[in-house]
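Novice: Here my numbering = 1-based position in the sequence shown + 296. My questions will all concern the structure given below.
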Amino acid sequence: MTALPAAYAITPPSHPLVGRVSPPGSKSITNRALLLAALANGTSHLSGALKSKDTELMAAALRQMGVQVEEPDATSFVVTSTGTLQAPDAPLFLGNAGTATRFLTAAVATVNGTVVVDGDAEMRVRPIGPLVEALVSLGIDAKSPTGCPPVTIRGTGSFGQGRVEIDGGLSSQYVSALLMAAPLGAGSVEIALTGSDIGARGYVDLTLAAMRSFGARVEQIDAGTWRVAPTGYTASDLLIEPDASAATYLWGAAALTGGNIDLGVEAEAFTQPDAAAQAVIAQFPNMPAVIDGSQMQDAVPTLAVLAAFNNYPVRFVGIANLRVKETDRVHAVATELSRILPGLGTEEGDDLLVASDPDLASRLAQRNSVVKIETYHDHRIAMAFALAGLRIPGIVILDPACTGKTYPGYWDMLAGLGVKLTPAS
Numbered sequence: 297m298t299a300l301p302a303a304y305a306i307t308p309p310s311h312p313l314v315g316r317v318s319p320p321g322s323k324s325i326t327n328r329a330l331l332l333a334a335l336a337n338g339t340s341h342l343s344g345a346l347k348s349k350d351t352e353l354m355a356a357a358l359r360q361m362g363v364q365v366e367e368p369d370a371t372s373f374v375v376t377s378t379g380t381l382q383a384p385d386a387p388l389f390l391g392n393a394g395t396a397t398r399f400l401t402a403a404v405a406t407v408n409g410t411v412v413v414d415g416d417a418e419m420r421v422r423p424i425g426p427l428v429e430a431l432v433s434l435g436i437d438a439k440s441p442t443g444c445p446p447v448t449i450r451g452t453g454s455f456g457q458g459r460v461e462i463d464g465g466l467s468s469q470y471v472s473a474l475l476m477a478a479p480l481g482a483g484s485v486e487i488a489l490t491g492s493d494i495g496a497r498g499y500v501d502l503t504l505a506a507m508r509s510f511g512a513r514v515e516q517i518d519a520g521t522w523r524v525a526p527t528g529y530t531a532s533d534l535l536i537e538p539d540a541s542a543a544t545y546l547w548g549a550a551a552l553t554g555g556n557i558d559l560g561v562e563a564e565a566f567t568q569p570d571a572a573a574q575a576v577i578a579q580f581p582n583m584p585a586v587i588d589g590s591q592m593q594d595a596v597p598t599l600a601v602l603a604a605f606n607n608y609p610v611r612f613v614g615i616a617n618l619r620v621k622e623t624d625r626v627h628a629v630a631t632e633l634s635r636i637l638p639g640l641g642t643e644e645g646d647d648l649l650v651a652s653d654p655d656l657a658s659r660l661a662q663r664n665s666v667v668k669i670e671t672y673h674d675h676r677i678a679m680a681f682a683l684a685g686l687r688i689p690g691i692v693i694l695d696p697a698c699t700g701k702t703y704p705g706y707w708d709m710l711a712g713l714g715v716k717l718t719p720a721s
């Protein structure tokens, strides 16, 4: 892969963006499928998969635990396993991949031996305490002295059995992690939410669908309780749908430029929660005055950048969980919007208020200055704020390579649509 420059200056296109773009495969589904295939006995073929930093970290961790993971082409994984994970010789390093870290923290409890799940500096400040506490309640020896990675798990070869309660308010990934490990229990495992709040519940539905594709039996007792049978998993072939979070940038680019970008799939065909953002983007420049981002969290940076050009201000609510993503996205989005124009983005508690201005582009066109967008090593900040450069001259995106976490071809995609990207310092 060609190395990217330290920064990209974006020249607003003089034409609507029109074309056909195939978004990469879903990161969320790819990392679920990789893990489930590793926990299944036999060979599974995963097609349409995402190849990015996050999924490569998951694949590398599975290889450390004795799973054969082959990559025959750019969008496929072939996973062969005995259905059990072996104790690795070294800690599992998962960078800042939230799905891989949370999912494996539960799954490695099935290893007969000690496993350390670790990440980079950013991951080491992302909370994992509720998941660790849930594992301990199942009788699993799991320790996280800081409440964040690294986590040390001393497994006995089984996930245990019985009832476990989990607070999913901070992240639905905790719930998904328990659900995916539960078929490896010694008996049935009942997983219950301790409250009604859960971050992005739609991702739990995504998890359940993936589990059933690999032979799991899950009974939903009520809105917040699931009973999982100790079936183990069976190898399966799975076609992975495109990434809905990546699609939001394409929908946003079309809306901002008056273009038409064909993704080859209708928004209604996605099963991922972020696809709900398309209905909001379709209302641009009259997006709602209040947008609840709780169930489409990764789409919020995209929507916030579009909101800067909306006909009236937009308040984003239900987004407290964005503070514990790759970076504090509420703070990052507010800060970078206000870097473009002071006061454009404001934090009010955990809400984000965007002081929209439909004449923003024309006003800033007279400024003739450069605005360097700090991306905080966060792929979604980089990709979302690149959209601002489609309307505002002088936008420079720092560390564009961080998009490789989930969308390695992002900049090539924009260039292919006719957007001029100039290396900058």
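Cβ coordinates follow ideal geometry from the N, Cα and C atoms, glycine included. All of these numbers come straight from a predicted model, not from anything done at the bench.
With distances taken Cα to Cα, identify the nearest neighbour of residue 355 among 330, 433 and 712.
Specialist: The sequence position of residue 355 within the sequence shown is 59, counting from 1. Nearest option by C-alpha distance: 330.
Novice: Buried or exposed for residue 517, going by 16 or more other Cβ atoms inside 10 Å?
Specialist: Locating residue 517 in the sequence shown gives position 221, counting from the first residue. Residue 517 should be labelled exposed.
Novice: Just checking, does the segment 535-546 make contact with the segment 561-571 on the three C-beta pairs under 8 Å criterion?
Specialist: yes
Novice: Taking buried to mean at least 16 other C-beta atoms within 10 Å of its own C-beta, is residue 469 buried or exposed?
Specialist: Along the sequence shown, one-based indexing puts residue 469 at 173. Buried, because 16 or more other Cβ atoms sit within 10 Å of the Cβ of residue 469.
Novice: To the nearest angstrom, report how far apart residue 694 and residue 678 are at their CA atoms.
Specialist: The residue given as residue 694 occupies position 398 in the sequence shown. The residue given as residue 678 occupies position 382 in the sequence shown. Rounded to whole angstroms, residue 694 to residue 678 spans 8 Å at the Cα level.
Novice: Please look up how many angstroms separate the CB atoms of residue 603 and residue 613, rounded, as I've assumed it's under 8 Å.
Specialist: One-based indexing of the sequence shown puts residue 603 at position 307. One-based indexing of the sequence shown puts residue 613 at position 317. Contact doesn't hold; Cβ gap of about 13 Å is too wide.
Novice: Under the DSSP definition of a beta bridge, which residues are partnered with residue 587?
Specialist: Residue numbering aside, residue 587 sits at position 291 when the sequence shown is read from its first letter. By DSSP's assignment, residue 587 forms a beta bridge with 612.
Novice: If contacts are defined as beta-carbon pairs under 8 Å, then residue 546 and residue 343 qualify, I think. What distance do you get, rounded to the angstrom?
Specialist: Working through the sequence shown from its first residue, we reach residue 546 at position 250. Working through the sequence shown from its first residue, we reach residue 343 at position 47. Here residue 546 is actually not in contact with residue 343; their C-beta atoms are around 22 Å apart, not less than 8 Å.
Novice: With 16 as the cutoff for other CB atoms within 10 Å, does residue 632 come out buried or exposed?
Specialist: Counting from 1 along the sequence shown, the entry for residue 632 is found at position 336. Buried is the call here.
Novice: Would you mind sorting residue 349 into buried or exposed? The rule is 16 or more other CB atoms within 10 Å of its CB.
Specialist: To locate residue 349, count along the sequence shown from 1; it is residue 53. The residue in question, residue 349, is buried, as its Cβ has 16 or more Cβ neighbours within 10 Å.
Novice: Using only the alpha-carbon positions, how far apart do residue 319 and residue 549 sit?
Specialist: Along the sequence shown, read from residue 1 onward, the residue named residue 319 stands at position 23. Along the sequence shown, read from residue 1 onward, the residue named residue 549 stands at position 253. Each residue's alpha carbon lies about 13 Å from the other.
Novice: Within this structure, are the beta carbons of residue 487 and residue 478 separated by less than 8 Å?
Specialist: Position 191 of the sequence shown holds residue 487. Position 182 of the sequence shown holds residue 478. Closer than 8 Å, so yes.
Novice: Which residue from 332, 375, 325 and 335 puts its Cα closest to that of residue 341?
Specialist: Locating residue 341 in the sequence shown gives position 45, where the first residue counts as 1. Looking at the Cα atoms, 375 is the closest of the given residues.
Novice: Would you tell me roughly how many angstroms separate the C-alpha atoms of residue 502 and residue 401, rounded to the nearest one?
Specialist: Counting from one through the sequence shown, the residue named residue 502 turns up at place 206. Counting from one through the sequence shown, the residue named residue 401 turns up at place 105. Whole-angstrom Cα-Cα distance: 19 Å.
Novice: For residue 605, I'd like the list of residues in its chain whose CB is within less than 8 Å of its CB, leaving aside the five on either flank, ordered along the chain.
Specialist: As a position in the sequence shown, residue 605 is number 309, starting the count at 1. Closer than 8 Å at the Cβ level, and outside the excluded window around residue 605, lie 552, 580, 581, 652, 653, 654, 656, 657 and 687.
Novice: Judging by CA-CA distance, which residue of 396, 326 and 414 is the nearest neighbour of residue 387?
Specialist: For the purposes of this step, residue 387 is taken as the residue at position 91 of the sequence shown. Cα-wise, what sits closest to residue 387 is 414.
Novice: Only counting runs of 4 or more residues, tell me where the alpha helix (DSSP H) segments fall wholly within the segment 367-433, in order along the chain.
Specialist: For the segment 367-433, the full-length alpha helix (DSSP H) segments reaching 4 residues or more read 394-403 and 425-433 along the chain.
Novice: By Cβ distance, which residues of its chain are closer than 7 Å to residue 358, with the 5 residues on each side in sequence left out?
Specialist: On the sequence shown, position 62 is the one that residue 358 refers to. 330, 334 and 365.
Novice: Cutting at 6 Å between CB atoms, please list the residues of its own chain near residue 592, excluding the five before and the five after it.
Specialist: Here residue 592 corresponds to residue number 296 of the sequence shown, with the count starting at 1. Only 569, 570, 572 and 573 meet the Cβ criterion.
Novice: Measure the alpha-carbon distance for residue 397 versus residue 417 and round it to whole angstroms.
Specialist: In the sequence shown, residue 397 corresponds to position 101, counting from 1. In the sequence shown, residue 417 corresponds to position 121, counting from 1. Those two C-alpha atoms are separated by around 13 Å.
Novice: From what residue to what residue does the alpha helix (DSSP H) around residue 327 run?
Specialist: Here residue 327 refers to the residue found at position 31 when the sequence shown is read from its first residue. From DSSP, the alpha helix (DSSP H) with residue 327 extends over 323-334.
Novice: Taking its Cβ as the centre, do 16 or more other Cβ atoms sit within 10 Å of residue 251, making it buried, or is it exposed?
Specialist: Because the chain in this structure spans residues 297 to 721, residue 251 falls outside the shown range and cannot be described.
Novice: How do the segment 640-647 and the segment 668-682 stand: do at least 3 beta-carbon pairs fall below 8 Å, yes or no?
Specialist: no
Novice: On the DSSP letters alone, give me the boundaries of the beta strand (DSSP E) that residue 596 sits inside.
Specialist: Mapped onto the sequence shown, residue 596 falls at position 300. That residue, residue 596, is in no beta strand (DSSP E); its alpha helix (DSSP H) goes 596-603.
Novice: Straight-line CA distance for residue 300 to residue 703?
Specialist: The sequence position of residue 300 within the sequence shown is 4, counting from 1. The sequence position of residue 703 within the sequence shown is 407, counting from 1. So the two alpha carbons sit approximately 13 Å from each other.
Novice: Would you grab the beta carbon distance between residue 304 and residue 696 for me? Rounded to a whole angstrom, and I think it's under 8 Å.
Specialist: Translated into positions along the sequence shown, residue 304 becomes position 8. Translated into positions along the sequence shown, residue 696 becomes position 400. Indeed they touch by this definition, with Cβ atoms about 5 Å apart.
Novice: Quick one: give me the first and last residue of the beta strand (DSSP E) that residue 574 is part of.
Specialist: On the sequence shown, residue 574 is found 278 positions in, with the first residue counted as 1. That residue, residue 574, is in no beta strand (DSSP E); its alpha helix (DSSP H) goes 573-577.
Novice: With DSSP run on the structure shown, which of helix, strand or coil describes residue 516?
Specialist: Here residue 516 corresponds to residue number 220 of the sequence shown, with the count starting at 1. Here residue 516 sits in strand by DSSP.
Novice: For residue 439, count neighbouring C-beta atoms within 10 Å of its own C-beta (all shown protein chains included) and say buried if the count is 16 or more, exposed if not.
Specialist: Start at 1 with the first residue of the sequence shown, and residue 439 comes out as number 143. Counting Cβ neighbours within 10 Å, residue 439 comes out exposed, since fewer than 16 surround it.
Novice: Using a threshold of 8 Å, state whether the C-beta atoms of residue 526 and residue 481 are closer than that.
Specialist: Your numbering for residue 526 matches position 230 in the sequence shown. Your numbering for residue 481 matches position 185 in the sequence shown. Their beta carbons are under 8 Å apart, which means residue 526 touches residue 481 by this criterion.
Novice: Could you compute how far the alpha carbon of residue 410 sits from the alpha carbon of residue 453?
Specialist: The residue given as residue 410 occupies position 114 in the sequence shown. The residue given as residue 453 occupies position 157 in the sequence shown. Taking the straight line joining both Cα atoms gives about 11 Å.
Novice: Go to residue 458, then tell me how far its beta strand (DSSP E) extends in each direction, as first and last residue.
Specialist: Mapped onto the sequence shown, residue 458 falls at position 162. 458-462 is the extent of the beta strand (DSSP E) around residue 458.
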